[in-house]
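Residue numbers (this note's numbering): 2 to 436. Working notes for the structure below.
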Amino acid sequence: MKKTVARLPRRHQVLLSSVCAATLVLLLLPSEPATASRHSAEPELEGEQLILGQRYQLQLELAAQEAAVAATSEPEVRWSGYQIRSGDSLARIFDMMGFSPQELYKVTRDKQSERLLRKIHPGDTLRFAQDPDGELVQLAYQLNATDTLIISKTADGYVSEIEQKAVETRPAFAFAEIKTSFWNAGIDAGLTEQQIMSIADMFGWDIDFALDLREGDEFSILFEKKYADGEFIGYGRILAAEFVNRGNSFQAILHDNDRYYTADGQAMRKSFLRSPVKFTYISSSFNPRRLHPVTGQIRAHNGIDYAASVGTPVMSSGDGKVIASAYNNLNGHYVFIQHGERYVTKYLHLSKRLVKNGQRVKQGETIGRVGATGRVTGAHLHYEFLVDGVHRNPRTVELPKAESLAKTELPRFKDIANQRLAVINDNKRVYLAMR
2 MKKTVARLPR RHQVLLSSVC AATLVLLLLP SEPATASRHS AEPELEGEQL
52 ILGQRYQLQL ELAAQEAAVA ATSEPEVRWS GYQIRSGDSL ARIFDMMGFS
102 PQELYKVTRD KQSERLLRKI HPGDTLRFAQ DPDGELVQLA YQLNATDTLI
152 ISKTADGYVS EIEQKAVETR PAFAFAEIKT SFWNAGIDAG LTEQQIMSIA
202 DMFGWDIDFA LDLREGDEFS ILFEKKYADG EFIGYGRILA AEFVNRGNSF
252 QAILHDNDRY YTADGQAMRK SFLRSPVKFT YISSSFNPRR LHPVTGQIRA
302 HNGIDYAASV GTPVMSSGDG KVIASAYNNL NGHYVFIQHG ERYVTKYLHL
352 SKRLVKNGQR VKQGETIGRV GATGRVTGAH LHYEFLVDGV HRNPRTVELP
402 KAESLAKTEL PRFKDIANQR LAVINDNKRV YLAMR
């Protein structure tokens, strides 16, 4: 490069040196701050020069501004609650909360509101929402764990609706072994009273819960537990159950029609109940050569005595027609019922008869109450079962066969039954292995 410059004429060398010097001077001079123009929809920023690296406060978009203004302009609502006490009335509650009788009248003009608010009772809570002027804009009343009555003020007056929480059901399992009594076994297994009675009703056509149960009998159930917002709110249906009584296994599975069937699709419900009273202690069983407790003579005891307190309800064990409802010195107050052509059931020593001759009765209908009338030594029900005029043991007599599901329903039902019984068996094995 130097050799090339040296070969140039003198005047060219001078000119080249001058250009280089000028260029160097321009590079070393300070420049103006760098700027950039910004195009904006805001008039106050139009054409403004923006300095790089400096922060600017940007305005909200028009929609966001309007939303913020609307939010700040909404009237504030104040909520307050009132827990109902004994002796409270709606009029008193509204007055104590600062609302006029006219507001109460307007609220209860809605028929649903008026009907449901009449059902308030001590311990319930009413929640009131007021605007800044003190007017009632909404009232909430929780009816149960899932339903809440919401009463809202509108341009046309107060209107109500039922707000419902979504309910989730989860399967649960329980196992119990009878040691002292069926009832105690159920309680020890964590079952509710309603669940225990449901099990007795479910198997009441096959098992006499007052007489047939023995220590060592066991039962397992698969049932529903209900949840709302993740919180337990109660129990649902029993989906399936198994009862082992004296080595015999009885199974019941719930079908879509809310009836229980055996695993092969036969209805659990039969023509007769094994026992006409709820499970209680039985003082005497069927014995055709029993020594009579009053006369001391051998006399056939063609029935079963159910020892129960006076007033215990007595049920008809099957559908039928009352053929006798009367009193005599031997039987006391008694009721006889004809069931079709072949069967008759008799109920003796009642304290009260609740049916009349010729009356039609349904299975499970209360026909009288336990007493101590006639020739007896204590309060009890004497129950007899006759087939073709011959006394038969109510505990062991073969009852008419149960109905079956329609053939078209059986495949689907059996799939459900097999699944639920498999769950019961798996849980039972785990439970027994952990004991």
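Using N, Cα and C, we set each Cβ at its ideal position, and we do this for glycine too. Being a predicted model, the structure only gives us computed values, none of them experimental.
Where do the ends of the beta strand (DSSP E) carrying residue i lie?
{"i": "Q339", "result": "333–340"}
{"i": "V323", "result": "321–329"}
{"i": "L240", "result": "232–246"}
{"i": "D306", "result": "305–308"}
{"i": "R393", "result": "391–393"}
In terms of DSSP beta bridges, what is residue i paired with?
{"i": "T149", "result": "Q143, E164"}
{"i": "K107", "result": "Answer by DSSP bridge pairing: none, since K107 is not bridged."}
{"i": "W184", "result": "None, per the DSSP bridge assignment."}
{"i": "V315", "result": "G369"}
{"i": "G379", "result": "None, per the DSSP bridge assignment."}
{"i": "R171", "result": "K226"}
{"i": "S81", "result": "F129"}
{"i": "L137", "result": "Q131"}
{"i": "S221", "result": "F176, E243"}
{"i": "K154", "result": "Y159"}
{"i": "L400", "result": "According to DSSP, which records beta bridges pairwise, L400 is partnered with nothing at all."}
{"i": "S405", "result": "Q267"}
{"i": "L387", "result": "V345, H392"}
{"i": "R215", "result": "For R215, which the question treats as bridged, DSSP gives no partner whatsoever."}
{"i": "V278", "result": "DSSP, once it has assigned bridges, lists no residue as partnering V278."}
Leaving out five residues before and five after residue i in sequence, what residues of the same chain have Cβ atoms less than 7 Å from its Cβ?
{"i": "R343", "result": "V388, D389"}
{"i": "D230", "result": "K166"}
{"i": "R421", "result": "L223, L240, A241, I254"}
{"i": "K402", "result": "none"}
{"i": "V77", "result": "According to the sequence displayed, residue 77 carries Glu and not Val. Here the set comprises P133."}
{"i": "N249", "result": "none"}
{"i": "M435", "result": "none"}
Within its chain, find whatever has a CB closer than 6 Å to the CB of residue i; leave out the 5 residues flanking it on each side and keep chain order.
{"i": "K154", "result": "V138"}
{"i": "D125", "result": "I85"}
{"i": "F244", "result": "F204, F220, F251"}
{"i": "S318", "result": "F273, L274, P277, T346"}
{"i": "Y1", "result": "The structure shown does not extend to residue 1, since the chain spans only 2 to 436, so no value can be given for it."}
{"i": "L117", "result": "L150"}
{"i": "M97", "result": "none"}
{"i": "T170", "result": "E225, K227, G237"}
{"i": "L59", "result": "For L59, the predicted structure reports a pLDDT of 48, less than 50, and the residue's modelled location is therefore unreliable. A value from the coordinates is still provided. Within the same chain, L59 has no close Cβ partners at all."}
On the criterion of 16 or more Cβ atoms from any shown chain inside 10 Å, does residue i qualify as buried, or is it exposed?
{"i": "N87", "result": "The sequence shown places Ser at residue 87, rather than the Asn named in the question. That one is exposed."}
{"i": "L433", "result": "exposed"}
{"i": "R238", "result": "exposed"}
{"i": "R275", "result": "buried"}
{"i": "E385", "result": "buried"}
{"i": "R119", "result": "exposed"}
{"i": "E47", "result": "Here E47 scores only 47 on pLDDT, less than 50, and its place in the model is too uncertain to base an answer on."}
{"i": "I200", "result": "buried"}
{"i": "V431", "result": "exposed"}
{"i": "D427", "result": "exposed"}
{"i": "G372", "result": "buried"}
{"i": "I163", "result": "exposed"}
Give the single residue among the options whose Cα lies nearest to the Cα of residue i.
{"i": "S405", "options": "G321, E385, S352, A264", "result": "A264"}
{"i": "L140", "options": "Y83, Y262, Q195, Y228", "result": "Y83"}
{"i": "T374", "options": "R79, K353, G365, T170", "result": "K353"}
{"i": "I305", "options": "H383, L355, S326", "result": "H383"}
{"i": "I234", "options": "A201, N426, P123, V168", "result": "V168"}
{"i": "E115", "options": "G266, Y142, S101, K415", "result": "Y142"}
{"i": "A146", "options": "G321, E232, L411", "result": "E232"}
{"i": "L411", "options": "G266, T193, L192", "result": "G266"}
{"i": "W80", "options": "A418, T193, M316, D132", "result": "D132"}
{"i": "D202", "options": "I163, A156, R260", "result": "R260"}
{"i": "Q339", "options": "N332, L144, V362", "result": "V362"}
{"i": "A418", "options": "S161, Y262, S101", "result": "Y262"}
Hey, could you find the ends of the alpha helix (DSSP H) residue i is sitting in?
{"i": "F251", "result": "Premise fails: F251 lies in the beta strand (DSSP E), 249–255, not in any alpha helix (DSSP H)."}
{"i": "V345", "result": "Note, V345: premise wrong, no alpha helix (DSSP H); beta strand (DSSP E) at 344–354."}
{"i": "A434", "result": "411–435"}
{"i": "R116", "result": "112–118"}
{"i": "R93", "result": "91–97"}
{"i": "M203", "result": "194–203"}
Going by beta carbon distance, what residues of the same chain come within less than 8 Å of residue i, once the five residues before and after it are set aside?
{"i": "R215", "result": "I179, N246, R247"}
{"i": "I197", "result": "F183, W184, G187, I188"}
{"i": "G135", "result": "G99"}
{"i": "V398", "result": "F386, V388"}
{"i": "L331", "result": "G375, R376"}
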